[in-house]
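J.: Before I ask anything, here is the structure I am working with.
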């Protein structure tokens, strides 16, 4: 089991905002990244270095750290945002650790 | 755009060694970045196995450290994973990956994955 905590599932209406949290360890000296995995596909990196978006990721996806919680925010949620979102940490003893994943459903 | 493709046996017997290769296209693995392996048991979450820097420095998941090794073959532009003494718990989809920048901060490039089943 992961040392990180994420909500197991999240339902959001189209056009609304989804906030996915990742917590469980001190984040002061850690770097967080986030992945989106659709069924049957390889994960896609959507945020790295806590808040940086790869060039192909839309601006409505953002990440930030507050205290010991990392949050991935998806605004204007679309059907294509469905899938499982994983956080991953880098730094110290948490190098490479993944969160358990949050399944996002757009209803 | 860099492309990665895993190859290896789809079935490995218990107690034997799992060996996978990752062929890299459109980029020289000697040029930089971290190259790694991640696995996902059927229906479960992701697990980081480890990574290797282009210089050859390796970093492994402590829970697998005694059984895992990752190496580079710059002449053939691929890198490899070896996992010894496998059990049914090692049954998973194995992905090879590359970091998005020259540090451990996220993997921006993934192979399609290869399913490895541990079974006699």
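Residue numbers (my numbering), protein chains in the order written: chain U, 5 to 111; chain B, 81 to 200. Think of the CB as a built atom: it goes at the ideal place given N, C-alpha and C, for glycine as much as any other residue. Because the structure is a prediction, the values reported are computed rather than measured.
(1) Could you check whether the segment 28-43 of chain U touches the segment 78-92 of chain U, counting it as contact only if at least three pairs of C-beta atoms, one from each stretch, sit closer than 8 Å?
(2) Any idea if residue 96/U is buried or exposed, counting beta-carbon neighbours within 10 angstroms, 16 or more meaning buried?
(3) Can a CB atom of chain B be found closer than 8 Å to the CB of residue 99/U?
(4) Whose CA, out of 115/B, 142/B, 99/B, 156/B, lies closest to the CA of residue 132/B?
(5) With a threshold of 16 other CB atoms inside 10 Å of the CB of residue 7/U, please say whether the residue is buried or exposed.
(6) Quick check: what's the CA-CA separation for residue 160/B versus residue 195/B?
(7) So the beta strand (DSSP E) residue 164/B belongs to, where does it begin and stop?
(8) What is the DSSP secondary structure of residue 59/U, counted as helix, strand or coil?
(9) With the cut-off set at 8 Å, would you say residue 84/B and residue 156/B are in Cβ contact?
(10) Specify whether the segment 93-100 of chain B and the segment 55-72 of chain U touch according to this definition: at least 3 beta carbon pairs, one from each stretch, less than 8 Å apart.
(11) Under 7 Å between beta-carbons, which chain B residues line up against residue 37/U? List them in chain order, please.
(12) Which stretch, first to last residue, makes up the beta strand (DSSP E) that contains residue 23/U?
(13) Return helix, strand or coil for residue 90/B, following the three-state DSSP convention.
(14) For residue 152/B versus residue 130/B, is the C-beta spacing smaller than 8 Å?
(15) Could you compute how far the alpha carbon of residue 98/B sits from the alpha carbon of residue 149/B?
(16) Take the Cβ of residue 47/U as the centre, count every other Cβ of all protein chains shown within 10 Å, and call the residue buried at 16 or more, exposed below.
(17) Residue 90/U touches chain B at which residues, Cβ-Cβ below 7 Å?
(18) In or out: residue 60/U buried (at least 16 other Cβ within 10 Å) or exposed?
(19) CB residue 197/B to CB residue 171/B, shorter than 8 Å?
(20) Rounded to whole angstroms, what is the Cα-Cα separation between residue 101/U and residue 90/B?
(21) Closer than 8 Å, CB to CB, is residue 194/B near chain U or not?
(22) Could you tell me the alpha carbon to alpha carbon distance between residue 128/B and residue 162/B, rounded to whole angstroms?
(23) Using a Cβ cut-off of 8 Å (strictly closer), state whether residue 112/B contacts chain U.
T.: Inspection of the coordinates gives the following:
(1) Counting C-beta pairs with one atom in each stretch, the segment 28-43 of chain U and the segment 78-92 of chain U have three or more that are closer than 8 Å, which means they touch.
(2) As a first step, residue 96/U is located in the first chain; it is residue number 92 there, counting from the start. Exposed is the call here.
(3) As a first step, residue 99/U must be located in the first chain, where it is residue number 95. Yes, because at least one Cβ of chain B sits closer than 8 Å to the Cβ of residue 99/U.
(4) Residue mapping note: residue 132/B aligns to position 52 of the second chain, counting from 1. Selected option, being the one with the closest Cα: 115/B.
(5) Locating residue 7/U in the first chain gives position 3, counting from the first residue. Exposed, because fewer than 16 other Cβ atoms sit within 10 Å of the Cβ of residue 7/U.
(6) Translated into positions along the second chain, residue 160/B becomes position 80. Translated into positions along the second chain, residue 195/B becomes position 115. Distance between the alpha carbons of residue 160/B and residue 195/B is about 16 Å.
(7) As a working note, residue 164/B is residue 84 in the second chain. Careful: residue 164/B lies outside any beta strand (DSSP E) and carries neither H nor E.
(8) Taking the first residue of the first chain as position 1, residue 59/U is located at position 55. Residue 59/U falls in the coil class under three-state DSSP.
(9) The residue given as residue 84/B occupies position 4 in the second chain. The residue given as residue 156/B occupies position 76 in the second chain. Not in contact: residue 84/B and residue 156/B (Cβ atoms no closer than 8 Å).
(10) At 8 Å Cβ cutoff, the stretches do not touch.
(11) Looking up residue 37/U in the first chain gives position 33. Within 7 Å Cβ-Cβ: 185, 186.
(12) As a position in the first chain, residue 23/U is number 19, starting the count at 1. The continuous beta strand (DSSP E) containing residue 23/U extends over residues 22-27.
(13) Here residue 90/B refers to the residue found at position 10 when the second chain is read from its first residue. Correct three-state label for residue 90/B: coil.
(14) One-based indexing of the second chain puts residue 152/B at position 72. One-based indexing of the second chain puts residue 130/B at position 50. In this structure, residue 152/B lies away from residue 130/B, with their beta-carbon atoms at least 8 Å apart.
(15) For the purposes of this step, residue 98/B is taken as residue 18 along the second chain, with counting starting at 1. For the purposes of this step, residue 149/B is taken as residue 69 along the second chain, with counting starting at 1. Straight-line Cα distance between these residues: approximately 11 Å.
(16) As a working mapping, residue 47/U is identified with position 43 in the first chain. Buried.
(17) In the first chain, counting from the first residue as 1, residue 90/U sits at position 86. Ordered by position in chain B, the residues that pass the 7 Å Cβ test against residue 90/U are 125, 126.
(18) Translated into positions along the first chain, residue 60/U becomes position 56. It is exposed - the Cβ of residue 60/U has fewer than 16 other Cβ atoms within 10 Å.
(19) Counted from its first residue, the second chain places residue 197/B at position 117. Counted from its first residue, the second chain places residue 171/B at position 91. It is a contact, given that the beta carbons lie within the stated cut-off.
(20) The sequence position of residue 101/U within the first chain is 97, counting from 1. The sequence position of residue 90/B within the second chain is 10, counting from 1. Those two C-alpha atoms are separated by around 26 Å.
(21) The residue labelled residue 194/B in the question sits at position 114 within the second chain. For residue 194/B, the nearest beta carbon of chain U is not closer than 8 Å to its own beta carbon.
(22) Here the question's residue 128/B lines up with position 48 in the second chain. Here the question's residue 162/B lines up with position 82 in the second chain. Approximately 14 Å, taken between the alpha carbons.
(23) Here residue 112/B refers to the residue found at position 32 of the second chain. It does not; no Cβ of chain U falls within 8 Å.
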